[in-house]
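Those sequence lines, one after another, are chains A and B. Just so we're aligned, residue 1 is where the first sequence starts under the working numbering, counting upward by one. Just so we're aligned, residue 1001 is where the second sequence starts under the working numbering, counting upward by one. The beta carbon of each residue, even a glycine, is placed where N, CA and C say it ideally should be.
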Amino acid sequence: MSLREVIARHRVVVCVGSGGVGKTTAAAAIGLWGARQDFLEAPRRLDDFLDRRIIRWFVRPYLSATWSGMRVLNRTVNFVLRRLEEATGVSALLSISEFFTAMGGLFDGFHARVERAYEILLGAETAFVLVTCPDEQVLGEAGYLSGKMAALGMPLKGVIFNRTHTDSALDGSALDGQTAEGGRELLGRIVERALGDPGVSPSDVRALVENCLRYRRLGHGEARRMAAFARALGSVVPTVRVPNFPHDLHDVAGLLETHPHLFGEGGDGARG
Amino acid sequence: MPVTETIETYTSLIQTLGLPVGMLVVNRFHPGTADTDLVERLRRGAGELPGIEALVADEVARRAAEENGWAAINRDQLERLRAAVPLPTLVLPAIFAEEFGAQEVARLSWLLEVECAAGREGRGRVQYEEAGT
């Protein structure tokens, strides 16, 4: 099953390791793709959500009077807590009491709701999609997270490797058979030919070549780590690689750039 | 470089907790590579080369554009940080290694020492160059 199918058929939970892996971008890109697939039930779901008892409480103007009434009932408790605060110097007790009093309705049947939440999270209709990047440390944390999820029976259905540098045209080229110095010279000659006349300074050519080789080195390490990570997950979990774009993806056009990498050839355009 | 989170953390440390924060270390800074016009010229020239050479030259141009793109992003982020976090700021470069091991840690450690010494002597930031180890 591809990531496209996983996301189309499930309720998606995006989970991530440490910061900087692009979780917001990935979640936004998935959301945008979903919106463009005519998932028309979204408004009805929102309506259902707003019609729930707890939400209606929030929007009813007379509710504040009810909460005031509840506070009066708790006057004795608050009196005790105030004395405790004075004795211990801990000033949060009363606030905590007020918070629970005010939010009392939310905690009614809390346990049942937690059970229901677990049921949903563990259900066949839910897919966890892990977003990570190919740095050693981040990937190590992602491995730990996926292990914990497996232990909890949570269904990891896809992995997005974000900010990768493995989209190289040089792998498998004549460069592979070269020594480091030979590779540098070969690249330098090709760069000089591409730049043509007027000629450029050797330092500019060197800067371009060294920069390319640095990214290639980075990409080799990433490719090795991602392959090992995917092997550990097993072949049933689809993995996709999104390259490290050289600009911020902060608008719809930017997010659309990720779709071919996330959802295959042509991105969402493939569905017309 | 999570700039917003760094600024929020700095504000919390100073204002809420009253801690004496002494220095800001900005890690993985991309310094950029060749001039943008030259990179564009390379990209155009790549299309005129035969076969694999075109792919190779295009990749060199693409990686240079990537580095310059991140350099521009990092410069903006550093500017925001400097405006919001008035501390001595030490900038460490992005390290390009297949595996981040002892050699890379030693290199960052050396850069930290050099930068701190330069700051103490009032010489400002030293220039660094990615050695490509």
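Compare the beta carbon distance of residue i and residue j with 7 Å and say whether it is the shorter of the two.
i	j	result
residue 1034 of chain B	residue 204 of chain A	yes
residue 179 of chain A	residue 134 of chain A	no
residue 1059 of chain B	residue 139 of chain A	no
residue 211 of chain A	residue 1064 of chain B	yes
residue 11 of chain A	residue 125 of chain A	yes
residue 161 of chain A	residue 13 of chain A	no
residue 1098 of chain B	residue 221 of chain A	yes
residue 1071 of chain B	residue 1032 of chain B	yes
residue 246 of chain A	residue 1069 of chain B	yes
residue 166 of chain A	residue 232 of chain A	no
residue 131 of chain A	residue 227 of chain A	no
residue 1081 of chain B	residue 1003 of chain B	yes
residue 136 of chain A	residue 1100 of chain B	yes
residue 209 of chain A	residue 184 of chain A	yes
residue 194 of chain A	residue 1038 of chain B	no
residue 186 of chain A	residue 153 of chain A	no
residue 258 of chain A	residue 8 of chain A	no
residue 1111 of chain B	residue 1092 of chain B	yes
residue 199 of chain A	residue 168 of chain A	no
What is the DSSP secondary structure of residue i, reduced to helix, strand or coil?
i	result
residue 164 of chain A	strand
residue 282 of chain A	Nothing in the structure corresponds to residue 282 of chain A, since chain A is present only between 1 and 272.
residue 13 of chain A	strand
residue 1133 of chain B	Since pLDDT at residue 1133 of chain B reaches only 37, below the 50 mark, its modelled position is unreliable, and the value read off the structure follows with that caveat. It is coil, neither helix nor strand.
residue 182 of chain A	helix
residue 124 of chain A	coil
residue 245 of chain A	coil
residue 1049 of chain B	coil
residue 1096 of chain B	coil
residue 1087 of chain B	coil
residue 132 of chain A	strand
residue 170 of chain A	coil
residue 25 of chain A	helix
residue 1119 of chain B	helix
residue 274 of chain A	Limits of chain A in this structure are 1 at one end and 272 at the other, which puts residue 274 of chain A out of reach.
residue 259 of chain A	helix
residue 1017 of chain B	coil
residue 1025 of chain B	strand
residue 236 of chain A	coil
residue 60 of chain A	Its pLDDT being 41, under 50, residue 60 of chain A is placed unreliably by the model, and the measurement read from it follows with that caveat. Correct three-state label for residue 60 of chain A: coil.
residue 42 of chain A	Unreliable positioning characterises residue 42 of chain A in this predicted model, as indicated by a pLDDT of 47, which lies under 50. A coordinate reading is not provided.
residue 1031 of chain B	coil
residue 203 of chain A	helix
Could you name the residues of chain B that residue i contacts, counting a contact when the two beta carbons are closer than 8 Å?
i	result
residue 212 of chain A	1059, 1060, 1063, 1064
residue 187 of chain A	1056, 1060
residue 190 of chain A	1049, 1053, 1056, 1057, 1060
residue 221 of chain A	1097, 1098, 1099
Just to make sure I have the definition right: I need the residues of chain B whose C-beta is within less than 7 Å of the C-beta of residue i. Which are they?
i	result
residue 345 of chain A	Look at the range of chain A in this structure, 1 to 272, and you will see that residue 345 of chain A is not part of it.
residue 168 of chain A	1059
residue 204 of chain A	1034, 1038
residue 207 of chain A	1033, 1034
residue 182 of chain A	Neighbours of residue 182 of chain A on chain B: none; closest Cβ ~14 Å, over 7 Å.
What residues of chain A sit near residue i, judged by a beta carbon separation below 7 Å?
i	result
residue 1069 of chain B	246, 247
residue 1100 of chain B	136
Using a Cβ cut-off of 8 Å, pull out every chain A residue sitting near residue i, in sequence order please.
i	result
residue 1096 of chain B	214, 215, 217, 218
Name the chain B residues whose beta carbon is nearer than 9 Å to that of residue i?
i	result
residue 194 of chain A	1041, 1042, 1043, 1044, 1045, 1046, 1047, 1048, 1049, 1053, 1054, 1056, 1057, 1058, 1060, 1061
Cβ contact check for the stretch 155-165 of chain A and the stretch 234-243 of chain A: 3 or more pairs under 8 Å: Contact between the stretch 155-165 of chain A and the stretch 234-243 of chain A is present: 3 or more CB-CB pairs across the two stretches fall below 8 Å.
Residues from the stretch 1035-1058 of chain B in contact with chain A, defined by Cβ distance under 9 Å: 1035, 1038, 1039, 1041, 1042, 1043, 1044, 1045, 1046, 1047, 1048, 1049, 1052, 1053, 1054, 1055, 1056, 1057, 1058
At least 3 beta-carbon pairs within less than 8 Å: the stretch 175-191 of chain A vs the stretch 256-266 of chain A: no
Stretch-stretch touch, CB-based, cutoff 8 Å, three pairs: the stretch 248-256 of chain A with the stretch 183-198 of chain A: no
Stretch pair the stretch 1083-1095 of chain B + the stretch 1018-1031 of chain B: three plus CB contacts closer than 8 Å: yes
Segment contact flag, the stretch 1045-1055 of chain B with the stretch 1110-1120 of chain B, C-beta cutoff 8 Å, min 3 pairs: They do not touch, by the three-pair rule.
Contact the stretch 215-223 of chain A vs the stretch 141-154 of chain A: 3+ CB pairs below 8 Å: no
Contact residues within the stretch 237-265 of chain A, judged by C-beta distance below 9 Å to chain B: Of all residues in the stretch 237-265 of chain A, only 243, 244, 245, 246, 247, 248 place a beta-carbon less than 9 Å from a beta-carbon of chain B.
Proximal residues, the stretch 1071-1083 of chain B versus chain A, C-beta separation under 7 Å: 1073
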